[in-house]
Amino acid sequence: MRTRQARLASAYVTTVRLNASDSGSVETDALVVGINTSPDGPRPAPGAQALDGALTGGLAPTLSALGFSGKAGEITKIPTFGAVPASVVVAVGLGDAPAEDGAYDLEVLRRAAGNAARSLAGTATAAFALPAATPEQAEAVALGALLGAYDFSRYRTTGDQKAPLGEIVVLSDASAADGSVARATTLAESVTLVRDLVNTPPSDLPPARFAEIAEETATKAGLSVEILDEAALKEGGYGGIVGVGQGSVNPPRLVRLGYAHPDAQTTVAFVGKGITFDSGGLSLKPSASMAWMKSDMGGAGAVFGALLAIARLGLKVNAIGYLCLAENMPSGTAQRPSDVLTTYAGKTVEVLDTDAEGRLVLVDGIARAGEDDPDIIVDVATLTGGQIVALGWRTCGVMASDDELREEVVDLAVAQGEAAWGMPLPEDLRKGLDSPIADIANLNPERSGSMLAAGIFLREFVPEGVRWAHLDIAGPAYNKEAPYGYIPKGGTGMATRTLVALAERYEAGREA
Ligand code: BES
Ligand code: MN
Ligand code: ZN
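For the sequence shown, our numbering assigns the number 132 to the initial residue and increments by one for each residue that follows.
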């Protein structure tokens, strides 16, 4: 039997393949079809027509009788009583039909496929006859289904457990859709790995273990890997990472993952906050706020997952990922509020609150990334409760060194279905970070605009002349509520796909 630990290193995703047969004749256990709303009631979407033909036009009246209208998010199962080879039909709502079949919103397709896949746990094979007229649509269906089939049950030994959906077949006659299924699988593997890492209990994922998994997996994907252990971090002057990690018996690590393409013209550097558990340190969190702080490494997870996908997709770009890994714990060796640390950039920081630790590890990663001479640095972090206050649980905040880059990142994220909103970096918040004794304090005790103040803190450490963007994913990294679309309960994998899209945006040969 494989151990829990061994299983963590390789993310399991359901297999997916394409099939050009139609929804009336495909041999499968379950058949997923899309339904649009219309003034006359539910209407079969592209892909569902062959099934509707085999049912002699009975699909819409049956769904209507069941109270199903075709709104996005709706899902219902109906038996086929032998009318087609599939024994059950899963109808999913796609909302209003777009003007043309080619214009289906990709996120609508991903979510519908995800809802269907989630409802099919325990099923061996399901055919997805959703709109897939273009390679992009086929990819969206495949990706939504793969991510919706996600399951994290490795810690459960009892209870009635269903295996996740076994095999996904995407029905599409789109030429060139082959590549899109491969791309969906690569993205799903990365997102699945990130979710697994976030969901893993922090005792099983101390910084050294995270670094080991990164090394093992990244090396196989052809990435270069450099790991700085505690001694190397001290020696190298990484005062932020060392300071945050010094209270834990599990020492910190900085992992550098490198990917290079011979035709690359641009270098992107990603920096992830990797607090494997955030207790707050001596500025201890109340236990209710500590409950899901195993997810405080979600930014480092996203950076790791993105680097893997970039390498596996062979993107024509140079990409470097930094995982800033530490456990924030209180102890006799922990840093104290009012301690001053010297960061890798040489700037000193007065630690007014040890719970504002993410920015301390990030600035060491950001400053180090400057040595790679990147065109752009993007950091991703579960950084502030202020992000959740401002934007809620699902929408990340995006801040940047210039408006154009911020808008670009927001647009790329939204196109992936990763909700994002641009946020300012108001100059007037800088003075709140003045320290009476050091170059800067790690928080404004007044706490207003804390998401923005954190961004302003980070900006002070961005190397001169490098474009920089910051994603605060505190809420979206972890879903405490019920699953929806292709998002499970627990770790979501937020920002992984946005980072891959960013790397693609900077590929050689792309229009700027
Ligand atoms: N990891 C937390 C931020 C967080 C909060 C992530 C809720 C996910 C959900 C971060 O390290 C933190 O503690 N931030 C403090 C900073 C404060 C002390 C300035 C916060 O935002 O409350
Ligand atoms: Mn904290
Ligand atoms: Zn934190």
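Quick reminder that beta carbons are idealized off the backbone N, C-alpha and C, glycines included.
(Q) Please give me, in chain order, every unbroken run of the alpha helix (DSSP H) with length at least 4 that falls completely inside the segment 187 to 236. (A) Segments of the alpha helix (DSSP H) lying fully in the segment 187 to 236: 190 to 196.
(Q) Would you say the beta carbon of G376 is closer than 7 Å to some non-hydrogen atom of the ligand ADP? (A) Because the ligand ADP does not appear in the structure shown, any question about it cannot be addressed here, the ligands present being the ligand BES, the ligand MN and the ligand ZN.
Q. With respect to 7 Å, is the separation between the Cβ of D510 and the closest non-hydrogen atom of the ligand MN below this value?
A. No - the ligand MN has no heavy atom lying nearer than 7 Å to the Cβ of D510.
**Q.** Among D304, A362 and A440, nearest to A313 - alpha-carbon criterion
**A.** Out of D304, A362 and A440, A440 has the C-alpha closest to the C-alpha of A313.
Q.
Can you tell me whether D232 sits near the ligand ZN, meaning its C-beta is under 7 Å from at least one heavy atom of the ligand?
A. Result no, Cβ not under 7 Å from the ligand ZN.
Q | Own chain residues within Cβ distance below 7 Å of D309, not counting five before or after | A | Correct list, in chain order: L149.
Q: With a threshold of 7 Å, establish whether the CB of D486 neighbours any heavy atom of the ligand MN.
A: Yes, since a heavy atom of the ligand MN falls inside the 7 Å radius drawn around the Cβ of D486.
Q. Residues in its own chain within less than 8 Å of L197 by CB, not counting five upstream and five downstream?
A. Within the same chain, T207 and I209 come within 8 Å of L197 by CB-CB distance, once the 5 residues on both sides are set aside.
Q. The alpha helix (DSSP H) with G279 in it runs from where to where?
A. Counting along the chain, G279 sits inside the alpha helix (DSSP H) bounded by residues P266 to G279.
Q. Would a C-beta distance cut-off of 8 Å place V593 and I508 closer than the cut-off?
A. In this structure, the beta-carbon distance from V593 to I508 falls below 8 Å.
Q) Which word fits F212, buried or exposed, when buried means at least 16 other C-beta atoms lie within 10 angstroms of its C-beta? A) Exposed, since its Cβ has fewer than 16 Cβ neighbours within 10 Å.
Q. Is V144 buried or exposed, if buried means 16 or more other CB atoms sit within 10 Å of its CB?
A. Taking all protein chains in view, the Cβ of V144 is crowded by 16 or more other Cβ atoms within 10 Å, so the residue is classified as buried.
Q. Relative to the C-alpha of V520, which residue among T146, G445 and D603 is closest?
A. Sorting T146, G445 and D603 by C-alpha distance to the C-alpha of V520 places D603 at the top.
Q) Where do the N-terminal and C-terminal ends of the alpha helix (DSSP H) with L633 fall, by residue? A) Start and end: T627 to R636.
(Q) Measuring straight from C-alpha to C-alpha, what distance separates G563 and A531? (A) Their Cα atoms are separated by approximately 20 Å.
Q. Taking the continuous alpha helix (DSSP H) assigned at A315, which residues delimit it?
A. It spans A308 to N330 - the alpha helix (DSSP H) in which A315 sits, taken as one unbroken run.
Q | Beta-carbon gap between A263 and G178 smaller than 8 Å | A | Yes, Cβ-Cβ distance for A263 and G178 is below 8 Å.
Q. Just curious, the alpha helix (DSSP H) that K365 is in, first and last residue?
A. Taken as a continuous stretch (DSSP letters only), the alpha helix (DSSP H) holding K365 covers E361 to G367.
**Q.** Coarse secondary structure for L97, derived from DSSP in three states
**A.** Residue 97 cannot be examined here, being either before or after the span of the chain that is shown, 132 to 643.
Q | Residue from A634, G523 and L536 with nearest C-alpha to K611 | A | It is G523.
Q.
Could you give the first and the last residue of the continuous beta strand (DSSP E) run that contains F435?
A. Looking at the DSSP string, F435 is not in any beta strand (DSSP E); the run it does join, the alpha helix (DSSP H), is G429 to L444.
Q. On the three-state DSSP scale, how would you describe M530?
A. Looking at M530 - three-state DSSP - the assignment turns out to be strand.
Q) With 16 as the cutoff for other CB atoms within 10 Å, does S306 come out buried or exposed? A) It is exposed - the Cβ of S306 has fewer than 16 other Cβ atoms within 10 Å.
Q: Assign E458 to one of three DSSP states: helix, strand, or coil.
A: Note: E458 maps to strand in three-state DSSP.
**Q.** Local conformation of T399 per DSSP, three classes
**A.** Here the sequence assigns Val to residue 399, which means Thr is not the residue at that position. Here V399 sits in strand by DSSP.
Q: Within 10 angstroms of the Cβ of K404, are there 16 or more other Cβ atoms? Answer buried if so, exposed if not.
A: Flag for K404 reads buried.
Q: Compute the Euclidean distance between the alpha carbons of A512 and P173, then round it to the nearest angstrom.
A: Rounded to whole angstroms, A512 to P173 spans 42 Å at the Cα level.
Q | Helix, strand or coil at L483 according to DSSP, with G and I counted as helix | A | Secondary structure at L483: coil, using DSSP grouped into helix, strand and coil.
Q. By a C-beta neighbour count over all protein chains shown, 10 Å radius and 16 as the cutoff for buried, is Y286 buried or exposed?
A. Y286 should be labelled exposed.
Q. Between G245 and G279, is the Cβ-Cβ spacing less than 8 Å?
A. Cβ atoms of G245 and G279: closer than 8 Å.
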